[in-house]
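Structure record follows, encoded as structure tokens.
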Amino acid sequence: MQKMLNKLASFVIALTMVLGVIAPSVSRAADEATQTDTVTLHKILMSKDALKKHDVNKEYDGKQIQNIQDFFDATAKEIPNVYFAVKNADGTKYVKEDGTETDNIDEALGGLTVEGKGLVLNTSKLKGTYQIVEVREKTTYKGDDQELLAGQKAVPINITLPLVNNNGIVKDAHVYPKNTQEKPRIDKNFATDAGLVEAEGFDPADAGAGVNVGANYDNYQKKKATAKAEIGKDVKYEVKTEIPELARYKSLVWNDAMTDGLTYNKDLVITGAGLTADDYEVFADDRGFEVKLKETGLNKVEEAAKTGVVELTLKYSAKVNSNSVVDMPEKNDISLEYSNKEKPKPEPKEGTPVDKKIEVKKTWGADGHNKVTEEDKDAVVVYTLQKKNGENWENVESVTKKYDAKNPDNSYNHTFENLEEKGIYRVVERVSGYKKENTTFENGVTTYKNEKDNDNPKPLNPTEPAVVNGGRKFVKTNNEEKDSNKLERLTGATFYIKNGDQYLIASKKDEAAVKTAKKELDDAVAAYNNLKAEQQEGEEGTKAKELINAKQEAYNKAFIKNATGYTWGAKDDANVVLVTSDAEGRFEISGLAYGKYELEEKDAPNGYAPLNGPVEFTVSKGSYVSTDAELQYNKANADKGYGLQIKNKKVSIPQTGGIGSIIFVVAGLMIMGLAAYKMKANKEQA
2 MQKMLNKLAS FVIALTMVLG VIAPSVSRAA DEATQTDTVT LHKILMSKDA LKKHDVNKEY
62 DGKQIQNIQD FFDATAKEIP NVYFAVKNAD GTKYVKEDGT ETDNIDEALG GLTVEGKGLV
122 LNTSKLKGTY QIVEVREKTT YKGDDQELLA GQKAVPINIT LPLVNNNGIV KDAHVYPKNT
182 QEKPRIDKNF ATDAGLVEAE GFDPADAGAG VNVGANYDNY QKKKATAKAE IGKDVKYEVK
242 TEIPELARYK SLVWNDAMTD GLTYNKDLVI TGAGLTADDY EVFADDRGFE VKLKETGLNK
302 VEEAAKTGVV ELTLKYSAKV NSNSVVDMPE KNDISLEYSN KEKPKPEPKE GTPVDKKIEV
362 KKTWGADGHN KVTEEDKDAV VVYTLQKKNG ENWENVESVT KKYDAKNPDN SYNHTFENLE
422 EKGIYRVVER VSGYKKENTT FENGVTTYKN EKDNDNPKPL NPTEPAVVNG GRKFVKTNNE
482 EKDSNKLERL TGATFYIKNG DQYLIASKKD EAAVKTAKKE LDDAVAAYNN LKAEQQEGEE
542 GTKAKELINA KQEAYNKAFI KNATGYTWGA KDDANVVLVT SDAEGRFEIS GLAYGKYELE
602 EKDAPNGYAP LNGPVEFTVS KGSYVSTDAE LQYNKANADK GYGLQIKNKK VSIPQTGGIG
662 SIIFVVAGLM IMGLAAYKMK ANKEQA
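Everything in the sequence shown is counted per the numbering used here, starting at 2 for the first residue and increasing by one.
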């Protein structure tokens, strides 16, 4: 019995020893994974240099890295809001969580990375080889300085599931795709061959950013020059844009908005990356353009960026027009919108005018309020009115709107007038940095809603150069000082404007309209001059002067509306400019480049001797309004500033016009004849 117990005890001990050896192996077998349940993506951002130096073959077992700075680089950090999706092995289809395939990215296994957690994908039902791709158009990440993701390594991720390392299948795998972040660079300035001269009286350009230097990225936020340019001057511009190495964009859009004193010449050319005119589409109006790279253009830029940075150059010009305001710099603002998403383009609504007018109203924000907020004050908006012609739309008029502190909530509203009552119109809006929607067009009012586009980087907006012109006012008087009680303002004097030995010529859109207005002014002046002296002093003279003022104003408006440019030529040119003094002796010239000029009198006022020679004058900043050292422009008030006094001496025989002058001359001749007769008689008596 004892023997039996001893044998049993020995067996139990032996069994215990065997189980002690077998149990850990059984436990390990039970813990050993048979599939990869999850794959967590951690998006790593690194500096450009660190990414270039990083060894993609560095040993890594597929498990979570505890310290990414130690493993990658001191600059490395994990970032959120980068979108990834799973595709099949050849990248032709997206893959759902259950392993089936789809063409719809929204059904695919994927999503955005989360701050500090990455993106956890449930891969328990996936077996085989897959790609995990970064989806730029669904990525919402932006750097602190509006950078987008650029250079990359380990993207797309090619992964075979289950994932196996030297120790077997990895149950919860971690992968670390890496990127740099960069943004384009841009600058704008006058072209190197613009041939401009900086205007005096304005803040000078910063060093290296003056006239005729071209675009330079170092000048992005530098003060640019204000150059002098007369009406009709063609001003050449250059814009350079640098696309980062390895950048891939879904949208590149340049938006150029000119103030109303500039007219875009519709001559844009883009060079770089092998682009041709077929690679971009341009919407052009009188106030500038919106140019967008087509898919072919984006592909060319992306391909070129694989080997280094890409430079794109935009060249175009604008003409200074008669809407330019004296001493007010005319600017040309450009911005670059860059994005990983295709930006939707709303279709403008169409409608008809009411009372020959179409009003454009602006609302802001998602709720469509009409208050201009602080963040909206920098918006530059261009409205282009288009009229339907068959199946096409033709531009009618364009206007640039900016924030107006004097009328803030009406800053971006506008009314187009004098339209065809039955015409079909629409308004196209151009603005950078906003989501835009043409919400309504009813009863002659169309409304645009702008909401700040926070899904994409803030547009890049370099400082811009400007051009300016000036003017001078004059007052024609008798030969008295400005404070004299005997001072008289003289009507009907006409002058040429001279520059050296050449005369100012104005080309016109509607020459007939200007000639008609000038003839009506000349007729009004002639009618006044033909009045007798006592008539000129009475009610008839007052009415004649009022008519002269009205015709002078009408002529000025016709001239400004139709003048397309100034040139210099011969006195006998059909379009030579003549300025005429009105009933208060006033006349003026505007739209000239700053500099020295001369007045040459063509016709003196009736009853006054012509000037002995030309009168020199200077156009400069402030010369148009001038100071009280000169004669007040309006007789009654100083609302229109002051003008250079041009004096004429009265002739010895009054020339007040009409029959009175003839009688005076005849009477004078009779007196002289009588005196001669008396002298002869006296001699005979002697």
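All C-beta atoms, glycine included, are put in the ideal place defined by N, C-alpha and C.
| Check | Outcome |
| --- | --- |
| How would you call GLU430, buried or exposed, if buried means at least 16 neighbouring beta carbons within 10 angstroms? | buried |
| Near GLU138, which residues of its chain fall below 6 Å by C-beta distance, leaving aside the five closest residues on each side in sequence? | LYS251, ASN341 and LYS342 |
| Less than 8 Å separating the beta-carbons of LEU315 and VAL381? | no |
| Using a 10 Å radius around the Cβ and a threshold of 16 neighbouring Cβ atoms, would you call HIS370 buried or exposed? | exposed |
| Leaving out five residues on either side along the sequence, give the residues of the same chain with a beta carbon under 6 Å from the beta carbon of GLU585. | ARG490 and LYS636 |
| Could you please give the first and the last residue of the uninterrupted alpha helix (DSSP H) stretch that includes ASN300? | 296-306 |
| Between the Cα of LYS499 and the Cα atoms of ASP484, LEU150 and ILE590, which residue gives the shortest distance? | ILE590 |
| Based on Cα-Cα distance, which residue from THR242, LYS234, GLY209 and LYS143 lies nearest to ASP188? | THR242 |
| Could you check where the beta strand (DSSP E) with GLU398 kicks off and where it finishes? | 393-402 |
| May I ask which residues mark the beginning and end of the alpha helix (DSSP H) holding GLU535? | 534-538 |
| Which residue's Cα is closest to the Cα of VAL400: ASP146, LYS97, ASN324 and GLN222? | ASN324 |
| Check ASP328 in the structure and name its three-state DSSP category. | coil |
| Considering only the beta carbon of each residue, do TYR625 and ASP146 sit closer than 8 Å? | no |
| Determine the contact status of LYS143 and PRO458, defining contact as a CB-CB distance below 8 Å. | yes |
| Closest to ALA195 by CA distance: which of VAL214, VAL254 and ASN444 is it? | VAL214 |
| Under 7 Å from any heavy atom of the ligand NAD, does the C-beta of ASP107 make it? | In the structure on display, the ligand NAD does not appear, and there are no ligands present to speak of. |
| Spatial neighbours of ASN444 within its chain, please: CB distance less than 7 Å, with the 5 preceding and 5 following residues excluded, ordered by chain position. | VAL355 |
| Kindly indicate which three-state DSSP category GLY352 falls into: helix, strand or coil? | strand |
| So what does DSSP say about GLY570, is it helix, strand or coil? | strand |
| Can the beta-carbon of VAL580 be found less than 8 Å from the beta-carbon of PHE588? | yes |
| Around the Cβ of VAL620, are there at least 16 other Cβ atoms within 10 angstroms (buried) or fewer (exposed)? | buried |
| Have a look at GLU282, GLU303 and LEU522 and flag the residue whose alpha-carbon is nearest the alpha-carbon of THR495. | LEU522 |
| Answer yes or no: do THR492 and GLN646 have a C-beta to C-beta separation smaller than 8 Å? | no |
| Based on the DSSP secondary-structure assignment, which residues constitute the bridge partners of LYS499? | TYR504 and GLU599 |
| For SER662 and PRO611, I'd like the C-alpha separation in whole angstroms. | For SER662, the pLDDT reaches just 40, beneath the cut-off of 50, and the residue's location in the model is therefore unreliable, although a value from the coordinates is still provided. Between SER662 and PRO611, the C-alpha separation is close to 18 Å. |
| Using beta carbons (cut-off 8 Å, strictly below), is ASN190 in contact with chain C? | The chain labelled as chain C is not found in the depicted structure, where only one protein chain is given. |
| Tell me, to the nearest whole angstrom, how far the beta carbon of GLU98 is from that of LEU110; I am working on the premise that it is less than 8 Å. | 5 Å |
| Could you tell me which of GLU348, THR260 and ALA507 sits nearest to LEU575, measuring between CA atoms? | Checking the displayed sequence, the identity of residue 575 turns out to be Ala instead of Leu. That would be ALA507, whose Cα lies nearest to the Cα of ALA575. |
| Hey, would you say TYR699 sits closer than 8 Å to ASN333, going by beta carbons? | What the structure shows of the chain is the stretch from 2 to 687, and residue 699 is not part of that stretch, so it cannot be assessed. |
| Indicate the three-state DSSP secondary structure (helix, strand or coil) for LEU164 in the structure shown. | coil |
| Run through DSSP, which three-state label would GLU589 get? | strand |
| If we count the other Cβ atoms within 10 Å of its Cβ and call it buried at 16 or more, is ALA200 buried or exposed? | buried |
| For my contact list, ASN1 and LYS344 are in at a C-beta cut-off of 8 Å; report their separation, rounded to the angstrom. | Lying outside 2 to 687, the shown extent of the chain, residue 1 is not represented and no answer is given. |
| Do the CB positions of VAL121 and THR35 come within less than 8 Å of each other? | no |
| Identify which residue in ALA630, GLY608, ASP629 and LYS648 has its Cα closest to the Cα of VAL616. | LYS648 |
| Using three-state DSSP, classify LYS49 as helix, strand or coil. | helix |
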